[in-house]
Amino acid sequence: MLRREIEKLIKDIVKQKVDLERPATTEHGDFSTNIALKAKINPDEIISKLKDNALFEKVEKAGPGFINFYLSKKALQEELNEILKQDNDYGKSDIGQAKKIQVEFISANPTGPLTVGNARGGPFGDVLANVFKKAGFKVEKAYYVNDFGEQIRELGKSIIGEGKYQGEYINKLKKALRQAQGKKNVFKAGQWAAKNILENLIQKTIDKLGIKYDEWLFESDLHKSDKVNKVLNILREKGLIYKQDEAEWFKSKQFGDERDRVIIKKDGNKTYLAGDIALHNDKFKDKKFDKVINIWGADHHGDVPGLMAGVEALGYKDKLEIILLQFVTILDKGEKYKMSKRAGLYVLMDELLDKVGKDAVRFFFLQKSPDTHLNFDLELAKEQSSKNPVYYVQYAYARIHSILAKTENKESKLLFENLNKKEEINLIKQLIKFPEIVEDVAKDYQVQRLPYYSIELANAFHRFYENCKVLDKNEKIAQARISLIKATKIVLKNTLELMGISAPDKM
393 MLRREIEKLI
403 KDIVKQKVDL
413 ERPATTEHGD
423 FSTNIALKAK
433 INPDEIISKL
443 KDNALFEKVE
453 KAGPGFINFY
463 LSKKALQEEL
473 NEILKQDNDY
483 GKSDIGQAKK
493 IQVEFISANP
503 TGPLTVGNAR
513 GGPFGDVLAN
523 VFKKAGFKVE
533 KAYYVNDFGE
543 QIRELGKSII
553 GEGKYQGEYI
563 NKLKKALRQA
573 QGKKNVFKAG
583 QWAAKNILEN
593 LIQKTIDKLG
603 IKYDEWLFES
613 DLHKSDKVNK
623 VLNILREKGL
633 IYKQDEAEWF
643 KSKQFGDERD
653 RVIIKKDGNK
663 TYLAGDIALH
673 NDKFKDKKFD
683 KVINIWGADH
693 HGDVPGLMAG
703 VEALGYKDKL
713 EIILLQFVTI
723 LDKGEKYKMS
733 KRAGLYVLMD
743 ELLDKVGKDA
753 VRFFFLQKSP
763 DTHLNFDLEL
773 AKEQSSKNPV
783 YYVQYAYARI
793 HSILAKTENK
803 ESKLLFENLN
813 KKEEINLIKQ
823 LIKFPEIVED
833 VAKDYQVQRL
843 PYYSIELANA
853 FHRFYENCKV
863 LDKNEKIAQA
873 RISLIKATKI
883 VLKNTLELMG
893 ISAPDKM
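For the sequence shown, this note's numbering assigns the number 393 to the initial residue and increments by one for each residue that follows.
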């Protein structure tokens, strides 16, 4: 990757870590750094050692301590050749160093169908895991099923008699339970209903979203295998559990929490936290994950300090990260979308998928950073025009496929000296950003970089197509442009694949 290559060149001069940035405008170069300011080195010293390097057309000072780098045509040609050579592998990185990483996402309680709110983590977690894999990590996608505890009892009450869970799906489960003439015990009825909801509602929605998990983890298994009791005994041996008011408390305050947490209630039932700590002990101690990333809804923010304290108490500090996703609002013609009777109070993910399809859902959900409230524009997502960003990007891919189908008998050679128009150079410069996007997302988890990159790339391609005749009378120019289009197809397809969005041959 060019960025890393240049960073190494500068690091060899200044003897410290270098982070290159992309300037806001191309007038300020392809890369920029303020390392001379940070390292307290005269920028001329760095410039004098790099200005004759074949990677650069020029290297310039830009303000105190800043240096701008302009890539040479040779550097662009070599990177374009790499795209054509590596094909599906273009953008792969080794920064993960084969470390084991688990991404746990959605993990909604099996007490009802998936809503647009609790399923927001689906596209986000799935794509983050895809990026980790591309960046050289060994990745596992996991869903944790809370099929034990108070919410399961409440579900049982709702099925047998009256409880807080309502909606069409509850009425269907009540009817099915009556016909089966079974499960009079509230907890057993709840577990039966949870299994039914998981298999017939949640998993089917997940399939529609295009998500495939590597592992389904069940809270009930942690209790059956005695892993919860075992981890509580570990905490007791460390002197981190005490009795008060007939309950048992975990000393989470000792690890930065604002208060200690109840781990076993007065009635002897264990809290969520007990199961969560046991789950993470299993992830780190038994499954040997180097890093675990949990993606939760913002409504679970109060649970974060207790779990982080539990993980630290077991000796796994800094191995767990929790990303909180903000809420989702569906807008129809600018108004809040009316909720389905099937769901009771919430908009179902199934409804949204039926209205706009998987590709639009994933793309629109990925466009916002995790800490931003997501307003989903239903009208825009249905739009079959360039106003709709996912349609616009897919249309670019379909157009490329159509062009290449017409030129399949034409020879293509990357004779770079024949690519001189600004639209050609701009397209190349967009293409070679892809490996940087992969590495950046793997480092900062900002998956919204991918949809925005795909829009920028589609923009660059459409501008190229409008201003540069592919089948030019000059055979050498035509061959070079066909090669450029092939490279664009590779990168656009790789980007769409990371996002789990289809790359259609025609629209």
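Ideal Cβ placement from N, Cα and C applies to all residues, glycine included.
In angstroms, rounded to a whole number, what distance separates the CA positions of residue i and residue j?
i: GLY892; j: TYR844; result: 15 Å
i: LEU401; j: LYS409; result: 11 Å
i: LYS733; j: ILE655; result: The pLDDT assigned to LYS733 is 47, lower than 50, so where the model puts this residue is not dependable, and the model offers no usable value.
i: TYR634; j: GLY694; result: 22 Å
i: LYS429; j: PRO435; result: Per the sequence presented here, residue 429 reads as Leu, with Lys not at that position. Computed Cα separation, rounded: 8 Å.
i: ALA735; j: LEU766; result: Note that ALA735 scores 47 on pLDDT, short of 50, meaning its location in the model is unreliable; the coordinates nonetheless yield the value given after this. About 20 Å.
i: ARG396; j: ASP682; result: 24 Å
i: LEU745; j: THR503; result: 20 Å
i: ASP897; j: LEU842; result: 21 Å
i: TYR738; j: VAL753; result: 17 Å
i: PHE497; j: ILE714; result: 10 Å
i: PHE647; j: LEU671; result: 19 Å
i: THR764; j: GLY689; result: 12 Å
i: ASN810; j: GLY488; result: 38 Å
i: GLY548; j: GLU413; result: 55 Å
i: LYS556; j: ASP652; result: 29 Å
i: PHE719; j: PHE756; result: 14 Å
i: LYS587; j: GLU638; result: 33 Å
i: ALA585; j: LEU565; result: 7 Å
i: GLU347; j: LEU796; result: As displayed, the chain neither begins before 393 nor continues past 899, which places residue 347 out of reach and without an answer.
i: LEU394; j: LYS825; result: 9 Å
i: ILE869; j: SER777; result: 31 Å
i: PHE856; j: ARG873; result: 10 Å
i: GLU800; j: PRO827; result: 28 Å
i: ASP444; j: SER464; result: 11 Å
i: ASN501; j: GLN543; result: 8 Å
Please classify residue i as buried or exposed, where buried requires at least 16 other C-beta atoms within 10 Å of its C-beta.
i: ARG570; result: exposed
i: LYS865; result: exposed
i: ASN673; result: buried
i: THR663; result: buried
i: TRP608; result: exposed
i: THR418; result: exposed
i: GLY421; result: buried
i: LYS760; result: buried
i: PRO456; result: exposed
i: GLY631; result: exposed
i: ASN661; result: exposed
i: GLN871; result: buried
i: SER794; result: exposed
i: GLN636; result: exposed
i: GLU743; result: buried
i: ALA773; result: buried
i: GLU727; result: exposed
Does residue i come out as helix, strand or coil in the three-state DSSP assignment?
i: GLY421; result: coil
i: LYS683; result: strand
i: LEU627; result: helix
i: GLY517; result: helix
i: THR764; result: coil
i: GLU413; result: strand
i: LYS662; result: strand
i: ALA797; result: helix
i: PRO456; result: coil
i: GLY698; result: helix
i: ALA490; result: coil
i: TYR837; result: coil
i: PHE540; result: coil
i: ASP864; result: coil
i: ASN501; result: coil
Residue i bridges to which residues according to DSSP?
i: ALA534; result: GLU496, GLU607
i: THR597; result: Beta-bridge pairing links THR597 to no other residue.
i: ASP724; result: GLU727
i: ARG653; result: PHE642
i: LYS635; result: GLU640
i: VAL451; result: PHE461
i: PHE524; result: None, per the DSSP bridge assignment.
i: THR902; result: Nothing can be reported for residue 902: it is not among the residues displayed for the chain, which extend from 393 to 899.
i: TRP688; result: LEU716
i: ASP769; result: LEU723
Below 7 Å, is the gap between the Cβ of residue i and the nearest heavy atom of the ligand NAP?
i: LEU601; result: With respect to the ligand NAP, the structure shown offers nothing to examine, as it has no ligands at all.
For this session: Could you tell me whether the stretch 780–789 touches the stretch 843–857, using the rule of 3 or more Cβ pairs below 8 Å?
Result: yes
Exercise. When the Cβ atoms of the stretch 656–671 are set against those of the stretch 607–621, are three or more pairs found closer than 8 Å?
Worked result: yes
Exercise. Does the count of Cβ pairs from the stretch 486–500 and the stretch 532–548 closer than 8 Å reach three?
Worked result: yes
Exercise. Can you find at least 3 beta carbon pairs, one from the stretch 716–727 and one from the stretch 460–478, that sit closer than 8 Å?
Worked result: no
Exercise. Are at least three pairs of beta-carbons, each pair with one atom in the stretch 854–862 and one in the stretch 503–518, less than 8 Å apart?
Worked result: no
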